[in-house]
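Q: For reference, the structure I am asking about is given below.
Number of protein chains: 2
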Amino acid sequence: MPDDAPGRVEESAGWRPVTRSRTYQLVVEAVEEQILTGALTVGDHLPPERELAGLLGASRPAVREGMRMLEAQGVLRTVGAGPGSATVITALPSEALTRLLRLHLALSSFRTSDVIEARVMLERRSAELAALHATPEELDLMRTALDRMDVAALPMEEFNELDTEFHVCLADAGDNRLVADITRAIRGAVRDALLAAFRARDDWPGTAARLRAEHRAIYDAVLAGDPAEAADAVERHIRGFWSG
Amino acid sequence: MPDDAPGRVEESAGWRPVTRSRTYQLVVEAVEEQILTGALTVGDHLPPERELAGLLGASRPAVREGMRMLEAQGVLRTVGAGPGSATVITALPSEALTRLLRLHLALSSFRTSDVIEARVMLERRSAELAALHATPEELDLMRTALDRMDVAALPMEEFNELDTEFHVCLADAGDNRLVADITRAIRGAVRDALLAAFRARDDWPGTAARLRAEHRAIYDAVLAGDPAEAADAVERHIRGFWSG
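One line per chain: the protein sequences are V and U, in this order. Note that the numbering used here numbers the first sequence so that position 202 is 202, with each residue one more than the last. Position in the second sequence (first residue = 1) + 1000 = the numbering used here.
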């Protein structure tokens, strides 16, 4: 308990301890402030833990706890281990977003119908942008994922991984990293739910055949440079899976 | 350094320590697993730190570091302080998303043009949904924000807060919490950049007047139940600010 916090609190009288930032929160704020002002940028090393603790007037455990909060947000990582380790500013928003959304989907923070609507919105736009901007290399990556999904008797788990990969390639080809990262995060976050839905299907070979054909339709529209058809094809695909 | 890690590493020979999960990461995974399987849901209390350390075979500092990672993701919070404190599973995705995106925007993980496109995509859809679904109470909240923005000589900071509030109310009225949370996070994350842009304007009163009129146009279309016009009005508003 902080030194200046009340030793006893009469809950019955409606007294509550005043809100007081914990030391690790102050450590987080100190680093965030430097990121927000641009004083710290990607690739910069933070001072070693002992030195940082001294600079901030915080204990080393509080510094370590603060570092974990920043690590969870994908803005820093520890390189190496032991005395020679370093803490480096990084930009890994996609991984952090995926973890965050996966947990919140599991906690039912969002309805399935909300997730479908969000996917339709994001992936329609990604498909339009991909139809306008996809490079030959990006088209190759998409086609490779689809060719690999054509293998007969492919295990459901691998099919699902390649399905995710196709949608991520499509988002990347749209050349908007924020949209791609949010798309990737939502697609990654629903991966297990999709796999469970695959397992619940009576006619998996029939479902797989339909999904393959729908993916090809999206790919063909992107290849043809037809943004309207690419957007409609991806919307039909996303809505179709959950409705039938 | 972990007990079984090499004591010396010959970097020059290309040797690297093998990747090894740190104990706090294992703590995070243990809690995440229980959230993902549904064993832990919102409102559940985690065992006290000492007990959790025993259950997981981890040190108490490692447990605390793991808790911080989960806290940063908005899935738990500590209630109270000292011996009587408790760690409770929560669902605060919006706050966690906002912090995450704000930091990554500062780190230039995303281009400004990407952020504008993402906002247009999300807010067009929110405006459409709001035009279809907004309740009288939600319309009241939007109008109240706009009325407060009409005050002459309103400080720029307050204008900006109310501007954010209007966009958040609009997103909430769309009745899709995932879209609303992402919208809120992006709008919150760009708040400081918008304020800097406000400050850089030669003609702030003129800019403020234009923004007020654009907000009214969005509101009127939502009130009239016209989804197409609501979407177009919000797109003109977002693109107009950055282009003129």
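We put the CB at the ideal spot given by N, CA and C, even for glycine. Note that the structure is a prediction, hence the values are computed from the model and not measured.
What is the rounded straight-line gap between the Cα of PRO1205/U and the Cα of THR1183/U?
A: By one-based count along the second sequence, residue 1205/U stands at place 205. By one-based count along the second sequence, residue 1183/U stands at place 183. Their Cα atoms are separated by approximately 27 Å.
Q: Alpha carbon to alpha carbon, how far is PRO227/V from HIS1237/U? Give it in angstroms, no decimals.
A: Locating residue 1237/U in the second sequence gives position 237, counting from the first residue. Locating residue 227/V in the first sequence gives position 227, counting from the first residue. Each residue's Cα considered, the two are about 24 Å apart.
Q: List, in chain order, every chain U residue whose beta-carbon is nearer than 7 Å to that of ARG99/V.
A: In the first sequence, the residue the question calls residue 99/V occupies position 99. Chain U residues near ARG99/V: GLN1073.
Q: Tell me the DSSP bridge mates of THR1041/U?
A: Along the second sequence, read from residue 1 onward, the residue named residue 1041/U stands at position 41. Note: THR1041/U sits in no beta bridge, so no partner.
Q: Can you pull the chain U neighbours of GLY114/V, defined as C-beta to C-beta under 8 Å?
A: To locate residue 114/V, count along the first sequence from 1; it is residue 114. Checking the sequence shown, residue 114/V turns out to be Asp, not Gly. Going along chain U in sequence order, the residues near ASP114/V (Cβ under 8 Å) are ASN1176, ARG1177, LEU1178 and VAL1179.
Q: Determine whether the Cβ of THR41/V lies closer than 8 Å to any Cβ atom of chain U.
A: The sequence position of residue 41/V within the first sequence is 41, counting from 1. Chain U, which has a Cβ nearer than 8 Å to the Cβ of THR41/V, makes this yes.
Q: Is there contact between the segment 177 to 195 of chain V and the segment 1094 to 1113 of chain U, where contact requires at least three CB pairs shorter than 8 Å?
A: Contact between the segment 177 to 195 of chain V and the segment 1094 to 1113 of chain U is present, because at least three Cβ pairs lie under 8 Å.
Q: Leaving out the 5 sequence neighbours to the left and right, which residues in its chain are closer than 6 Å to LEU36/V when beta-carbon positions are compared?
A: As a working mapping, residue 36/V is identified with position 36 in the first sequence. The answer is none, since no qualifying residue turns up.
Q: Which of the three DSSP states, helix, strand or coil, is assigned to ARG1068/U?
A: On the second sequence, position 68 is the one that residue 1068/U refers to. ARG1068/U: helix per DSSP, three-state reduction.
Q: From the DSSP output, which residues share a beta bridge with THR87/V?
A: Position 87 of the first sequence, counting from 1, holds the residue named residue 87/V. DSSP output for THR87/V lists THR78/V as bridge partner(s).
Q: If you follow the alpha helix (DSSP H) that SER1094/U is in, where does it begin and where does it stop?
A: Along the second sequence, one-based indexing puts residue 1094/U at 94. 1093 to 1106 is the span of the alpha helix (DSSP H), which, as asked, contains SER1094/U.
Q: Applying a beta-carbon distance threshold of less than 8 Å, which residues of chain V neighbour TYR1024/U?
A: Position 24 of the second sequence, counted from the start, is the residue given in the question as residue 1024/U. Result: ARG68.
Q: Within its chain, find whatever has a CB closer than 8 Å to the CB of ALA1091/U; leave out the 5 residues flanking it on each side and keep chain order.
A: Mapped onto the second sequence, residue 1091/U falls at position 91. Contacts found: VAL1042, GLY1074 and VAL1075.
Q: Could you have a look at PRO227/V and say whether DSSP puts it in helix, strand or coil?
A: Your numbering for residue 227/V matches position 227 in the first sequence. DSSP places PRO227/V in helix when its eight states are reduced to three.
Q: By the DSSP assignment, the alpha helix (DSSP H) with THR164/V in it spans what residues?
A: Counting from one through the first sequence, the residue named residue 164/V turns up at place 164. Counting along the chain, the alpha helix (DSSP H) containing THR164/V begins and ends at 156 to 173.
Q: Given a cut-off of 8 Å, decide if MET69/V and ARG1102/U are closer than it, judged by their beta-carbon atoms.
A: Counted from its first residue, the second sequence places residue 1102/U at position 102. Counted from its first residue, the first sequence places residue 69/V at position 69. Taking 8 Å as the Cβ cut-off, ARG1102/U and MET69/V do not qualify as a contacting pair.
Q: CA-CA distance, VAL28/V and LEU1040/U?
A: Counted from its first residue, the first sequence places residue 28/V at position 28. Counted from its first residue, the second sequence places residue 1040/U at position 40. Taking the straight line from one Cα to the other gives about 27 Å.
Q: Would you mind stating whether HIS1167/U and ARG1199/U have Cβ atoms separated by less than 8 Å?
A: Sequence index remark: in the second sequence, residue 1167/U carries index 167 (1-based). Sequence index remark: in the second sequence, residue 1199/U carries index 199 (1-based). Result no, Cβ atoms of HIS1167/U and ARG1199/U do not sit closer than 8 Å.
Q: List, in order along the chain, the chain V residues whose C-beta lies closer than 7 Å to that of ALA1096/U?
A: Numbered from 1 along the second sequence, position 96 holds the residue referred to as residue 1096/U. Result: LEU100.
Q: Using beta carbons (cut-off 8 Å, strictly below), is GLU10/V in contact with chain U?
A: Here the question's residue 10/V lines up with position 10 in the first sequence. Confidence in GLU10/V is poor, its pLDDT being 41 and thus under 50, which makes the residue's placement unreliable; the coordinate value appears in the next sentence. No - not a single Cβ of chain U is within 8 Å of the one on GLU10/V.
Q: How far does the alpha helix (DSSP H) with ALA1134/U in it reach, from first residue to last?
A: For the purposes of this step, residue 1134/U is taken as residue 134 along the second sequence, with counting starting at 1. Run containing ALA1134/U: none; DSSP gives neither H nor E here.
Q: How many Å lie between HIS1045/U and GLY1066/U at the Cα?
A: Taking the first residue of the second sequence as 1, we reach residue 1045/U at position 45. Taking the first residue of the second sequence as 1, we reach residue 1066/U at position 66. If you take the alpha carbons of HIS1045/U and GLY1066/U, they lie about 15 Å apart.
Q: Taking 8 Å as the CB-CB limit, is MET156/V close to chain U?
A: On the first sequence, residue 156/V is found 156 positions in, with the first residue counted as 1. Not one chain U Cβ lies under 8 Å of MET156/V.
Q: Taking only three categories from DSSP, how would you classify MET1001/U?
A: Walking along the second sequence from the start, residue 1001/U turns up at place 1. The pLDDT assigned to MET1001/U is 39, lower than 50, so where the model puts this residue is not dependable; a value taken from the coordinates is nonetheless given after this. Residue state, collapsed to three classes: coil.
Q: Taking the CB atoms as reference points, tell me whether ARG239/V and VAL115/V lie closer together than 8 Å.
A: Residue mapping note: residue 239/V aligns to position 239 of the first sequence, counting from 1. Residue mapping note: residue 115/V aligns to position 115 of the first sequence, counting from 1. In this structure, VAL115/V does not lie closer than 8 Å to ARG239/V by Cβ.
Q: For ALA62/V, which of TYR24/V, GLU49/V and LEU52/V has the nearest alpha-carbon?
A: The count along the first sequence starts at 1 and reaches residue 62/V at position 62. Closest by alpha carbon: TYR24/V.
Q: To the nearest angstrom, how far is it from the Cα of GLY1007/U to the Cα of ARG1022/U?
A: Within the second sequence, residue 1007/U is the residue found at index 7, counting from 1. Within the second sequence, residue 1022/U is the residue found at index 22, counting from 1. Note on GLY1007/U: pLDDT 41, under 50, position unreliable in the model; the coordinate value appears next. If I take the Cα positions, the gap works out to 17 Å.
Q: Would you call the CB atoms of VAL1190/U and ALA1127/U closer than 8 Å?
A: Mapped onto the second sequence, residue 1190/U falls at position 190. Mapped onto the second sequence, residue 1127/U falls at position 127. In this structure, ALA1127/U does not lie closer than 8 Å to VAL1190/U by Cβ.
Q: Taking the C-alpha atoms as reference points, what is the distance between ASP1003/U and THR1098/U?
A: As a position in the second sequence, residue 1003/U is number 3, starting the count at 1. As a position in the second sequence, residue 1098/U is number 98, starting the count at 1. Confidence at ASP1003/U is low in this model, with a pLDDT of 40, below 50, so its placement is unreliable and the value that follows should be read with caution. Taking the straight line joining both Cα atoms gives about 39 Å.
Q: Along the alpha helix (DSSP H) that carries PHE1198/U, what are the first and last residues, could you check?
A: If you number the second sequence from 1, residue 1198/U lands on position 198. Taken as a continuous stretch (DSSP letters only), the alpha helix (DSSP H) holding PHE1198/U covers 1191 to 1200.
Q: Which residue from LEU122/V, VAL88/V, LEU129/V and LEU100/V puts its Cα closest to that of ALA955/U?
A: Limits of chain U in this structure are 1001 at one end and 1244 at the other, which puts residue 955/U out of reach.
Q: Closer than 7 Å by beta-carbon distance: list the chain V residues that pair up with PHE1110/U, in chain order.
A: Numbered from its first residue, the second sequence carries residue 1110/U at position 110. The answer, in chain order, is ARG177 and LEU178.
Q: In angstroms, rounded to a whole number, what distance separates the CA positions of VAL234/V and GLU123/V?
A: Taking the first residue of the first sequence as position 1, residue 234/V is located at position 234. Taking the first residue of the first sequence as position 1, residue 123/V is located at position 123. The straight-line gap from Cα to Cα measures roughly 7 Å.
Q: Quick check on DSSP: helix, strand or coil for ASP232/V?
A: Reading the first sequence from its first residue, position 232 is the one you call residue 232/V. DSSP places ASP232/V in helix when its eight states are reduced to three.
Q: Name, please, each residue of chain V whose Cβ falls closer than 7 Å to the Cβ of ARG1184/U.
A: On the second sequence, position 184 is the one that residue 1184/U refers to. Those within 7 Å of ARG1184/U in chain V number zero; the least Cβ separation is about 13 Å.
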